[in-house]
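*Asks:*
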Amino acid sequence: MKFTAAIPVLALFATGVAADNCREGLYYCGKTLTNMGNYESQIQIELIRTGWGSGYRADSGNFLFWCRGGENGQIQSLGHCTSACNDNGRGRSDNCRGGVIMNNPRFPRLRR
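Counted the way mature numbering (1 follows the signal peptide of the UniProt record, and there is no 0) counts, the sequence shown spans residues -19 to -1, 1 to 93.
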């Protein structure tokens, strides 16, 4: 009897872990956002919107993004790290080692 009552509780925990949203105003590496969950489509949309195209999908972890915040943790691409993108830990902005190649100037950058 007690076993059957535990099944719905176990099912609740088996549904998966909810993804985190980015923290408004912080900078994030693409790989950090991907590890947080549910950011892959936003990353790809941003790379296309800012002129990088879909060819950078395999290297999306080395792009730097700014968190605009909001209900879904909206992000905005800043550019591609020339060497590597550093994850500086939870609650701290990530940064590019070796500098950043900014987005194509023909496309919009930060929208506040």
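Every residue gets a Cβ at the ideal spot worked out from N, C-alpha and C, and that includes glycine.
Values in this document were obtained by computation on a predicted structure and should not be read as measured data.
With a 10 Å radius around its C-beta and 16 neighbouring C-beta atoms as the bar for buried, classify residue 31 as buried or exposed.
*Replies:* The residue given as residue 31 occupies position 50 in the sequence shown. Its Cβ being crowded by 16 or more others within 10 Å, residue 31 is buried.
*Asks:* Quick check: is the beta carbon of residue 17 nearer than 7 Å to any beta carbon in chain B?
*Replies:* Annotation note: the requested chain B is absent from the structure, which comprises a single protein chain.
*Asks:* Ends of the alpha helix (DSSP H) at residue 30?
*Replies:* Position 49 of the sequence shown, counted from the start, is the residue given in the question as residue 30. 21 to 30 is the span of the alpha helix (DSSP H), which, as asked, contains residue 30.
*Asks:* Helix, strand or coil for residue 65? Go by DSSP, reduced to three states.
*Replies:* Along the sequence shown, read from residue 1 onward, the residue named residue 65 stands at position 84. Strand.
*Asks:* Please classify residue 63: is it buried, with 16 or more other beta-carbons within 10 angstroms of its beta-carbon, or exposed?
*Replies:* Residue 63 sits at position 82 when you count from the first residue of the sequence shown. Label assigned to residue 63: exposed.
*Asks:* Could you tell me the boundaries of the alpha helix (DSSP H) in which residue 14 lies?
*Replies:* For this step, residue 14 is matched to residue 33 along the sequence shown. Segment 11 to 17, the alpha helix (DSSP H) holding residue 14.
*Asks:* Could you give the DSSP three-state label for residue 35: helix, strand or coil?
*Replies:* Taking the first residue of the sequence shown as position 1, residue 35 is located at position 54. Helix at residue 35.
*Asks:* Can you tell me whether residue 42 is helix, strand or coil according to DSSP?
*Replies:* Walking along the sequence shown from the start, residue 42 turns up at place 61. Here residue 42 sits in helix by DSSP.
*Asks:* Mind checking residue 79: buried by the 16 CB within 10 Å criterion, or exposed?
*Replies:* On the sequence shown, position 98 is the one that residue 79 refers to. Exposed is the call here.
*Asks:* Note down, in chain order, each residue of its chain lying with its Cβ closer than 7 Å to the Cβ of residue 58, except the 5 sequence neighbours on either side.
*Replies:* Here residue 58 is taken as the residue at index 77 of the sequence shown, counted from 1. Taken in chain order, the residues that qualify are 27, 28, 31, 44, 46 and 84.
*Asks:* How many angstroms separate the CA atom of residue 75 from the CA atom of residue 16?
*Replies:* Here residue 75 corresponds to residue number 94 of the sequence shown, with the count starting at 1. Here residue 16 corresponds to residue number 35 of the sequence shown, with the count starting at 1. If I take the Cα positions, the gap works out to 14 Å.
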